[in-house]
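Residue numbers (the working numbering): 243 to 627. Backbone N, C-alpha and C define an ideal beta-carbon position, used for all residues, glycine too. Note that the coordinates shown come from a computational prediction; the quantities given were computed from them, not determined experimentally.
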Amino acid sequence: MESNLKIPIWLDCDPGHDDAFAILLSAHHPHLKLLGLSTVHGNSSLPHTTRNALSLLTAMGTPNIPVYSGASESLTRSAVHAPAIHGESGLDGTSLLPAPLAQPINEPAVQAMAKALLSTAPQTAWLVATGALTNIALLFSSHPDLASHIKGLSIMGGAIGDGFTSAPMGRVGGEETARIGNWSAWAEFNILVDPEAASQLFSNPTTLIPLDVTHLCLATPDVQNLLLWGKDGAKNGNEGKTILRRMLTDLLIFFANTYAKVFGITAGPPLHDPLAVAAVFDGIVGIEIPFYDFKSNGTGVEDGLGSGVGGEKRRRERYEVKIVTEGSHEDALEGAQTGRSIVRLLPEGEEGVKIPRGLNIGRFWQVVEECMERADEVNAANRVL
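Right, here's the structure in full:
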């Protein structure tokens, strides 16, 4: 691995508590070059998600990263937001979020994305999507050449179910069995809010990070303490090592409370979106956060080994993904499968969508903390937060 390796990425997001950590990794990982950031409807309205992105970049000492405002609603449906999880602003729970030091660039987001990605060398850049997939569908429909130009598309979205992993999926109200999705019993939010957009994307070189994986990665109280105080930080009072760390921990605590209230998951909130950023490193020796794209044989998917019991090789899994587009959002809440991600395991050797079954969770949190340290250093140098 080259020490000066910089992977170009573009982040399309809807901040969003977990998006904050996707932005942290994108902006402060030493082996990523964040080309730009586009916002989309989703966790809150587009004006809120755009302002949240600008404020988070300011808080992290990187207000110079260009931000572009994208789609305010889905391709064919009205926008749907998630105030029960993220609050009305999309980032409720802290008073420490600063006013933005920059404004969104006055250029269409899809045009800016295409220009930035096509300016990179072929097969080097990644596109990471952590919100509704409207911008991404518009990008590929208007610039189909991008599919072969970029290294990959990493999406946080979807839910597989049927024991795909051992992750706790939560229950809502009086449900007797755990659900597959979060926004509905069958569907994950990012897919459900624009299933038509999602249905266009899975023929591209795609990595899909579903709820089945993100719910393995809970921000437990121990994780919250790590992020608040740092690896070797002295725990004096409740203020935390820096204002940035306190702000992000405030967001995690709010997120934990809403997840416990709505889904009954009390160990900590799943940190969905940064995993889609972390997947960019998979397979790069020296910097990867290992993701495991094989089925566990009972020894566990977190072991990181390529061989199972007796030394047999675990085969790499690739999938065909189809999205259910029939029905409305209201139908989905009444039990319809609108927005459901239906997957089929492909024969060995066929190319398709990569859907990991697990990851090295300890390594993931280590990288998040390292990025937090870099953000602290930038802020100290700039005398902000």
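Segment limits, alpha helix (DSSP H) that includes residue i
| i | result |
| --- | --- |
| A341 | Premise fails: A341 is in no alpha helix (DSSP H) and is neither H nor E. |
| S390 | 388 to 391 |
| K357 | 351 to 360 |
| A371 | Here A371 belongs to no alpha helix (DSSP H); instead the beta strand (DSSP E) covers 368 to 371. |
| L288 | 288 to 301 |
| L575 | 571 to 575 |
| S268 | 259 to 270 |
| V414 | Element bounds for V414: n/a, residue is neither H nor E. |
| T456 | 453 to 456 |
| S441 | 437 to 441 |
| P598 | Per DSSP, P598 belongs to no alpha helix (DSSP H) and is neither H nor E. |
| L434 | 431 to 434 |
| H328 | 325 to 328 |
Own chain residues within Cβ distance below 7 Å of residue i, not counting five before or after
| i | result |
| --- | --- |
| T462 | A509, G510 |
| L493 | H259, A262, L333, G335, T336 |
| L588 | R560, Y561, E562, G594 |
| T491 | Q466, L469, L470, G482 |
| H290 | S331, G332 |
| W607 | V465, L468 |
| K393 | Q365, T366, A367, W368 |
| L247 | H273 |
Distance cut-off 8 Å: residue i Cβ against heavy atoms of the ligand FAD
| i | result |
| --- | --- |
| P516 | Judged by which ligands are present, the structure shown has none, so any question about the ligand FAD falls away. |
Exposed unless 16 or more other CB atoms sit within 10 angstroms - verdict on residue i
| i | result |
| --- | --- |
| N377 | buried |
| R557 | exposed |
| T419 | exposed |
| E590 | exposed |
| A440 | buried |
| R421 | buried |
| P250 | buried |
| E430 | buried |
| A622 | exposed |
| N432 | buried |
| N499 | exposed |
| I495 | buried |
| E349 | exposed |
| G604 | exposed |
| N602 | buried |
| A578 | buried |
| A363 | exposed |
| D474 | exposed |
| E554 | Its pLDDT being 44, under 50, E554 is placed unreliably by the model, and nothing is read from it. |
Where the beta strand (DSSP E) through residue i begins and ends
| i | result |
| --- | --- |
| K275 | 274 to 281 |
| M398 | 394 to 398 |
| S583 | 583 to 587 |
| L253 | 249 to 255 |
| I422 | Premise fails: I422 is in no beta strand (DSSP E) and is neither H nor E. |
| I378 | Here I378 belongs to no beta strand (DSSP E); instead the alpha helix (DSSP H) covers 376 to 384. |
| I565 | 561 to 565 |
| S311 | 309 to 311 |
Nearest-angstrom Cβ-Cβ length linking residue i and residue j, presumed shorter than 8 Å
| i | j | result |
| --- | --- | --- |
| F444 | V563 | 4 Å |
| H328 | H259 | 6 Å |
| L375 | I397 | 7 Å |
| R616 | E593 | Not a contact, Cβ separation roughly 35 Å. |
| S361 | A321 | Actually they do not touch by this definition, with Cβ atoms about 31 Å apart. |
| T567 | E438 | 6 Å |
| L277 | A389 | So it is not a contact: roughly 17 Å between Cβ atoms. |
| A225 | V609 | As shown, the chain starts at 243 and ends at 627. That puts residue 225 outside it, with no answer to give. |
| D436 | S316 | 4 Å |
Residues near residue i in its chain [Cβ-Cβ closer than 8 Å; skip 5 each side]
| i | result |
| --- | --- |
| L279 | W252, L253, D254, C255, I265, S268, A295, L299, I307, P308, V309, Y310 |
| V620 | H270, M302, G303, T304 |
| R487 | L469, L470, W471, G472, M614, D618 |
| L234 | Residue 234 is absent from the model: the chain starts at 243 and stops at 627. |
| S297 | L333, L339, P340, A341, P342 |
| I507 | P410, G412, H457, L460, Y501 |
| R293 | P342 |
| R599 | F406, T407, D454, V455, Y534, D535, F536, K537, S538, V543, E559 |
| S383 | Q442 |
| N446 | F382, A389, L395 |
Cβ shell of residue i (< 6 Å), same chain only, five flanking positions each side left out
| i | result |
| --- | --- |
| I347 | P308, Y310 |
| T456 | P512, H514, L517 |
| P452 | G400, A401, I402 |
| F505 | G412 |
| T372 | C255, D261, A264, M398, D515, A518 |
| R597 | Inspection of the sequence shows that residue 597 is occupied by Ile rather than by Arg. Correct list, in chain order: L450, Y561. |
| H385 | A356 |
| Q442 | A379 |
| L547 | Annotation note: pLDDT 37 at L547 (below 50); position unreliable, coordinate value reported separately. The answer is none, since no qualifying residue turns up. |
| W428 | I422, Q579, R582 |
Curious, which full-length alpha helix (DSSP H) runs of at least 4 residues does the region 472 to 535 contain?
Segments of the alpha helix (DSSP H) lying fully in the region 472 to 535: 485 to 505, 516 to 520.
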